[in-house]
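The structure appears below as structure tokens.
Protein chains: 2
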Amino acid sequence: MANMNDVARRAEVSLSTVSHVVNGTRNVEPKTRQRVLDAIQATGYRQDVLARAMRRSRTDSIGLVVSDAGEPAFAEMVHGVEHAAVQHGLTLVLANSAEDAEREERAVHTLLDRRVDGLILARSAATAPGLLGTLTGSKAPVILLDRVFPELPFDQVGVDSRDAMQRLVMHLVNAGHKRLALVAGDQRVPTLRERLDGFWDGVRRARLDPAEQTVLEKTDPDTRAQLEKMLEEDIFSALIASSTPLATLALEAVQGGRRVVGGDLAFATFDGFNHPDLFEPRITTVRQPAFDMGVTAVRLLVDRLESRDANPRTVRLQQQIELRDSTERIQLA
Amino acid sequence: MANMNDVARRAEVSLSTVSHVVNGTRNVEPKTRQRVLDAIQATGYRQDVLARAMRRSRTDSIGLVVSDAGEPAFAEMVHGVEHAAVQHGLTLVLANSAEDAEREERAVHTLLDRRVDGLILARSAATAPGLLGTLTGSKAPVILLDRVFPELPFDQVGVDSRDAMQRLVMHLVNAGHKRLALVAGDQRVPTLRERLDGFWDGVRRARLDPAEQTVLEKTDPDTRAQLEKMLEEDIFSALIASSTPLATLALEAVQGGRRVVGGDLAFATFDGFNHPDLFEPRITTVRQPAFDMGVTAVRLLVDRLESRDANPRTVRLQQQIELRDSTERIQLA
DNA sequence: CTGTTAGCGCATTCAT
DNA sequence: ATGAATGCGCTAACAG
Numbered sequence: 000m001a002n003m004n005d006v007a008r009r010a011e012v013s014l015s016t017v018s019h020v021v022n023g024t025r026n027v028e029p030k031t032r033q034r035v036l037d038a039i040q041a042t043g044y045r046q047d048v049l050a051r052a053m054r055r056s057r058t059d060s061i062g063l064v065v066s067d068a069g070e071p072a073f074a075e076m077v078h079g080v081e082h083a084a085v086q087h088g089l090t091l092v093l094a095n096s097a098e099d100a101e102r103e104e105r106a107v108h109t110l111l112d113r114r115v116d117g118l119i120l121a122r123s124a125a126t127a128p129g130l131l132g133t134l135t136g137s138k139a140p141v142i143l144l145d146r147v148f149p150e151l152p153f154d155q156v157g158v159d160s161r162d163a164m165q166r167l168v169m170h171l172v173n174a175g176h177k178r179l180a181l182v183a184g185d186q187r188v189p190t191l192r193e194r195l196d197g198f199w200d201g202v203r204r205a206r207l208d209p210a211e212q213t214v215l216e217k218t219d220p221d222t223r224a225q226l227e228k229m230l231e232e233d234i235f236s237a238l239i240a241s242s243t244p245l246a247t248l249a250l251e252a253v254q255g256g257r258r259v260v261g262g263d264l265a266f267a268t269f270d271g272f273n274h275p276d277l278f279e280p281r282i283t284t285v286r287q288p289a290f291d292m293g294v295t296a297v298r299l300l301v302d303r304l305e306s307r308d309a310n311p312r313t314v315r316l317q318q319q320i321e322l323r324d325s326t327e328r329i330q331l332a
Numbered sequence: 000m001a002n003m004n005d006v007a008r009r010a011e012v013s014l015s016t017v018s019h020v021v022n023g024t025r026n027v028e029p030k031t032r033q034r035v036l037d038a039i040q041a042t043g044y045r046q047d048v049l050a051r052a053m054r055r056s057r058t059d060s061i062g063l064v065v066s067d068a069g070e071p072a073f074a075e076m077v078h079g080v081e082h083a084a085v086q087h088g089l090t091l092v093l094a095n096s097a098e099d100a101e102r103e104e105r106a107v108h109t110l111l112d113r114r115v116d117g118l119i120l121a122r123s124a125a126t127a128p129g130l131l132g133t134l135t136g137s138k139a140p141v142i143l144l145d146r147v148f149p150e151l152p153f154d155q156v157g158v159d160s161r162d163a164m165q166r167l168v169m170h171l172v173n174a175g176h177k178r179l180a181l182v183a184g185d186q187r188v189p190t191l192r193e194r195l196d197g198f199w200d201g202v203r204r205a206r207l208d209p210a211e212q213t214v215l216e217k218t219d220p221d222t223r224a225q226l227e228k229m230l231e232e233d234i235f236s237a238l239i240a241s242s243t244p245l246a247t248l249a250l251e252a253v254q255g256g257r258r259v260v261g262g263d264l265a266f267a268t269f270d271g272f273n274h275p276d277l278f279e280p281r282i283t284t285v286r287q288p289a290f291d292m293g294v295t296a297v298r299l300l301v302d303r304l305e306s307r308d309a310n311p312r313t314v315r316l317q318q319q320i321e322l323r324d325s326t327e328r329i330q331l332a
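Chains A and B, in that order, give the protein sequences.
Note that numbering that gives the first Met the number 0 gives residue 54 to position 55 of the first sequence, counting from 1, and the numbers run on in steps of one.
Note that numbering that gives the first Met the number 0 gives residue 90 to position 91 of the second sequence, counting from 1, and the numbers run on in steps of one.
Here it is as structure tokens:
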């Protein structure tokens, strides 16, 4: 492969002129410039990204650690990050932590060692002992994506789950429901906690009787059976799932309990399936704007790269409630 | 950041000894070795991946270009590639071509310029004029994933679509169907072509009347209306979709034509939805082993890296037919 | 407007 | 078993 020296010799100019032509970093007389361009053409020269990165201490790349590549919502986030990265001339280096704290820490180190200019952590467990120190000590700025930890000093992107859940509850109440059930999931996860908060916000705001509401926080093997029992006892008329895996659980319980969604049982879920329109009935979902979240994370990162010591920002994207039949056709006694 | 020189000075050894200790590239007396290790500990030294890569002309990274990040099947492939890459000590650089030939070419150049050690192209359009030359001329080996182009001189990974489709047809025939319909999609795509071939294989093998079979190759706006018309005319009893987008189209047509899957109409699709069990009825799918495909691509790549001039290999993974209610409960008149 | 020069941090060859 | 010296290809002072 031809290098800058080859080009310089051929164009009969100095090394630095070639560099400046390639990077447009200083004025070069049109004639000289053209000679260089011709030499580049003739030699098939391509800039050595590695040498350049080493010299400038910048790789023009960003790292993304996701906790579950393979999950559709993540695919969309990755997609959004990649999309925005390319637009800023950045390349994306991807790592997967598989929801494992130790692997997350290794992934972070790998990417940092690769000297990515910035790092995005999507749905970080942030639980490995050394990780937090690594992150705060990192020269490359860090952005937290999806899970918001208010106490941490990073730029962050999340959704306004609390508000969305409250709006969903209000909608169900307006449709005539007075006894709701929420499959709330693991309350150590910030997002799921926010959704539970939003649930009670809605209950309060709608002046429902709190004693008549049902909340399931566990997800152990019994949960499904428990739920099936409640379904048989008919202690609620509307069922909400706080995430897609929880929705799967809930729907299986509904089928197991020989109940049908949309008849006398309303159903809604967060984060959305891939083809909610193809279910019968079509399922009301509160979708995560995953692509936009990815794009936003990159925006925060680029901003941060430009002004290192601005205050950390947390951006919350609004979630759209996509109303469909599963909460609409309700006929209450 | 401390560099090797700092470590060398502190351990009172030479630069090269430090290098050899770090990389284990030559024998070092245990005592010396320990001094170096201590100095590394004390300085918090981390190897500079960039300088190392430049010096060795190897980045220990691989590039992956996908044509639609965001699509669940791809998420799984990416996942598989990442998983296998990490196991081989390789980092993954990801780019998306968005099914656009020009962007695909740009992505390939970007990754090659980053000096990835190898490149995997998932569902390549391979249609940009210059791309093929770039690929064959690339110093980094290239693996084609998902779409197999028999005439190209690369290692390739695909599925045995033709065989899977034939098996699916046989199954439907055994369930009593004699008039089938296939939404076959764009026949310029190798995979979709193979599936159509498999369809006719099955028809022939089952001795069905070819004139009674229906194949829709287009996917323009009319296709859905066309399909709805056929559904009303009841010219087939089993409907197969060759891919997930085609399945969406087909199911919309079924609903538009006020027909119900599973009653008198069997339905099956390739590549699978995410939650086929939650549909009513549960949908028979021929799933792509996407994760394994990703893993296999990395294996081929690593093999290739070790023996540059072995003959190109094409690996075809078998597809599993996941039989569910949509093809089972059929009661024919 | 252009050229000369000095490293960036490391792996590696050649000596000892 | 260890060290000294070289250069990978580039950018950015500095000098003219």
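We put the CB at the ideal spot given by N, CA and C, even for glycine.
Every value quoted in this text rests on a predicted model; they were computed, and no experiment measured them.
Specify, as a first and last residue, the run of the beta strand (DSSP E) that Ile234 (chain B) falls within.
First-last for Ile234 (chain B): undefined, no H or E at that position.
For Asn4 (chain A), count the other beta carbons within 10 Å of its own beta carbon; 16 or more makes it buried, fewer makes it exposed. Which is it?
exposed
Since Gly197 (chain A) contacts Ser160 (chain A) with CB under 8 Å, what's their CB separation in whole angstroms?
6 Å
Smallest Cα separation from Gln254 (chain B): which of B:Leu120, B:His176, B:Leu316 and B:Leu230?
Of B:Leu120, B:His176, B:Leu316 and B:Leu230, the residue nearest in Cα terms is B:Leu230.
Would you mind sorting Glu28 (chain A) into buried or exposed? The rule is 16 or more other CB atoms within 10 Å of its CB.
exposed
Helix or strand or just coil, what does DSSP make of Phe153 (chain B)?
It is coil, neither helix nor strand.
Give the range of the alpha helix (DSSP H) segment to which Gly62 (chain A) is assigned.
Residue range Ser60 to Val65 is occupied by the beta strand (DSSP E) that includes Gly62 (chain A), with no alpha helix (DSSP H) assigned at that position.
So for Val243 (chain B), helix, strand or coil by DSSP?
Checking the displayed sequence, the identity of residue 243 (chain B) turns out to be Thr instead of Val. Note: Thr243 (chain B) maps to helix in three-state DSSP.
Which residues in the same chain as Asp145 (chain A) place their Cβ atom closer than 6 Å to its Cβ, once the five residues preceding and following it in sequence are excluded?
Ala121 and Arg122
Using 8 Å as the cut-off, can you tell me whether the segment 98-112 of chain A makes contact with the segment 125-144 of chain A, which would need three or more C-beta pairs spanning the two stretches below that distance?
A contact exists between the segment 98-112 of chain A and the segment 125-144 of chain A.
Starting from the beta carbon of Val77 (chain B), find every residue of chain A whose beta carbon is closer than 9 Å, and list them in chain order.
Ala68, Gly69, Ala74, Val77, Leu93 and Asn95
Any C-beta of chain B sitting closer than 7 Å to the C-beta of Arg114 (chain A)?
yes
If you compare alpha carbons, which of A:Ala309, A:Glu327 and A:Thr295 is closest to Ala83 (chain A)?
A:Thr295
Does Ala83 (chain A) come within less than 7 Å of chain B when only Cβ atoms are used?
no
DSSP three-state call for Thr218 (chain A): helix, strand or coil?
Coil.
So, is Arg34 (chain B) buried or exposed, given that buried needs 16 or more other C-beta atoms within 10 angstroms?
buried
State the Cα-Cα distance for the pair Thr58 (chain B) and His78 (chain B), rounded to the nearest angstrom.
The C-alpha of Thr58 (chain B) lies about 21 Å from the C-alpha of His78 (chain B).
What residues from chain B crowd round Arg223 (chain A), counting only those whose CB sits closer than 8 Å?
What Arg223 (chain A) touches in chain B: nothing, since even the nearest Cβ is about 14 Å away.
Quick one, which of A:Val301, A:Ser15 and A:Asp291 has its alpha-carbon nearest Val158 (chain A)'s?
Checking every option, the nearest Cα to that of Val158 (chain A) belongs to A:Asp291.
Locate the alpha helix (DSSP H) running through Gln86 (chain B), then write down its first and last residues.
Pro71 to Gln86
Tell me, please, whether the CB atom of Ala10 (chain A) is closer than 7 Å to any CB atom in chain B?
no
For His19 (chain A), which residues of its own chain have a beta-carbon under 7 Å away from its beta-carbon, when the five flanking residues on both sides are left out?
Arg25 and Val27
Assuming Glu251 (chain B) and Arg281 (chain B) are in contact, meaning their beta carbons sit under 8 Å apart, how far apart are those beta carbons, in whole angstroms?
Not confirmed; about 19 Å, so no contact.
Interface residues of chain B around Arg45 (chain A) at Cβ under 8 Å?
Listed along the chain, the chain B residues whose CB falls inside 8 Å of the CB of Arg45 (chain A) are Asp112.
With 9 Å as the C-beta to C-beta threshold (strictly closer), list the residues of the segment 221-252 of chain B near chain A in chain order.
Thr243, Ala246, Thr247, Leu250 and Glu251
Can you name the start and end residues of the beta strand (DSSP E) that Glu321 (chain B) belongs to?
Gln319 to Glu321
Report the CB separation of Thr326 (chain B) from Thr283 (chain B) in whole angstroms; it is logged as a contact under 8 Å.
4 Å
Determine, for Met292 (chain A), whether the minimum Cβ-Cβ distance to residues of chain B falls below 7 Å.
no
Do you know offhand how far Val64 (chain B)'s Cα is from Leu93 (chain B)'s?
6 Å
Distance, Cα to Cα, Arg54 (chain A) vs Thr109 (chain A)?
Their Cα atoms are separated by approximately 20 Å.
Quick one: is Met3 (chain A) near chain B, going by C-beta distance under 7 Å?
Not a single C-beta of chain B is nearer than 7 Å to the C-beta of Met3 (chain A).
Would you kindly report the start and end of the unbroken beta strand (DSSP E) that includes Val265 (chain B)?
One point to set straight first is that residue 265 (chain B) is Ala, not Val, in the sequence displayed. From DSSP, the beta strand (DSSP E) with Ala265 (chain B) extends over Ala265 to Phe269.
Would you tell me roughly how many angstroms separate the C-alpha atoms of Gln165 (chain A) and Leu207 (chain B), rounded to the nearest one?
57 Å
Looking at the structure shown, is Gln330 (chain A) part of a helix, part of a strand, or coil, going by DSSP?
Reliability of the predicted coordinates at Gln330 (chain A) is poor, the pLDDT of 49 falling under 50, and the value obtained from them is presented with this limitation in mind. Coil.
Count the other CB atoms within 10 Å of the CB of Glu211 (chain B); is the residue buried (16 or more) or exposed (fewer)?
exposed
Note the first and the last residue of the continuous beta strand (DSSP E) segment covering Arg180 (chain B).
Here the sequence assigns Ala to residue 180 (chain B), which means Arg is not the residue at that position. Leu179 to Val182 is the span of the beta strand (DSSP E), which, as asked, contains Ala180 (chain B).
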